[in-house]
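At position 97 of the sequence shown the residue is numbered 124 (my numbering), and the sequence of numbers has no breaks. A virtual CB, placed ideally from N, CA and C, is assigned to each residue, including glycine.
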Amino acid sequence: MQVIKIPGFASEKTKGCKNSGNVLLKKLKEFQFNEEGKDTSGVFLNLEEIHVNNSSYEAKNALIYDNALKIFDEQERAIFLGGDHSITLPLVKAFLFHCKLETKAPCLIVFDACADCISENLKDKSKTWLKELILSDFPPENILLVGTRSFSKDEKEFLRSQRVKMISINSFLEDLTNACDSVMEFSSGKMLYVSLDFNSLDPVFMPSSSEKIPGGFSSRQLVYLIQRIKKIKNLKAVDLVELDSEKKEDDLTMKLGAKVLSEFL
């Protein structure tokens, strides 16, 4: 497994996410072992960074795409540390191309409070990436949104028209194990990419996410989900995004971000 830092951001609002990869790795040293008992120190032996140019959206995406293609070809599994959610677009485009080369169906599971499917002309590309991805021919029927709880009217209509599947937070409250089973079953027979936006957590647990949307997952629920998902044999890649390391929040939230990383290792 390789861990790759991508300090990319798409707007001044999410600029504070650019250094979160370094912060997570620094805090990871406080978790010598994850809950499974795995030594997490090995991550530092296979650590890379994609040095992006945030002044050019197109150049940044091209660099991420090219590097991701090589990583997917060489690594059995990869974890990308953002950065904001705009980095996910070129990563998943590269993942889609890799799946075509491997003649395998692609699957994308997104943990996010927001739908990220608003108008294409918005300057903040972290809020448009999923719509752009779908319009770039990623099969929408193979996309699952988990815990999304903030939509515009246009986003709702777009997701409905594309038949993108969703699992609500309430499903996990009603039956956590069964909801986890549904997430895992969705990826059956496909190659899997998981994108985890830290705002999928309730801001009580993660006030340092770039956007605070009430009503999200608890930290324990998310850790359990991760522990289930990482056992999926066809899991190819994960990205962790939208953690604002420049916010003056309690240091505990950064430690939670590092714990999330540790459980994916």
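The segment 250–258 makes contact with the segment 208–215: 3 or more CB pairs, one atom from each, lie closer than 8 angstroms. In the three-state DSSP reduction, cysteine 44 falls in the helix class (H, G or I). Here the C-alpha atom of phenylalanine 138 lies approximately 14 angstroms from the C-alpha atom of proline 230. Looking at the backbone, the Cα of lysine 158 and that of asparagine 226 are separated by about 19 angstroms.
At a cut-off of 4 residues, the continuous stretches assigned as alpha helix (DSSP H) that sit fully inside the segment 175–231 are 180–189, 196–201, 203–213. In its chain, beyond the 5 residues on either side, Phe99 have a beta carbon closer than 6 angstroms to the beta carbon of histidine 125. A distance below 8 angstroms between beta-carbons, with the five flanking residues on each side excluded, links isoleucine 106 to the following residues of its chain, in chain order: Met28, Gln29, Val30, Ile31, Ala264, Val265, Asp266, Leu267, Leu288, Phe291, Leu292.
Its Cα nearest to that of lysine 131, the residue Leu219 stands out among Pro241, Val250, Leu219.
The criterion of a C-beta distance shorter than 7 angstroms is not satisfied by cysteine 144 and lysine 217. Per the C-alpha coordinates, the member of Thr41, Ile33, Gln59, Lys45 positioned closest to lysine 282 is Gln59.
Per DSSP, the continuous beta strand (DSSP E) segment holding isoleucine 136 begins and ends at 133–138. Using a C-beta cut-off of 8 angstroms, the segment 231–240 makes no contact with the segment 155–174, since fewer than three inter-stretch Cβ pairs fall below that distance.
For valine 287, the uninterrupted alpha helix (DSSP H) segment begins and ends at 278–291.
With a 10 Å radius around the Cβ and a threshold of 16 neighbouring Cβ atoms, proline 241 comes out exposed.
For glutamate 76, the pairing in a beta bridge is given by DSSP as Lys32. Counting only the Cα atoms, leucine 72 lies some 32 angstroms from cysteine 207.
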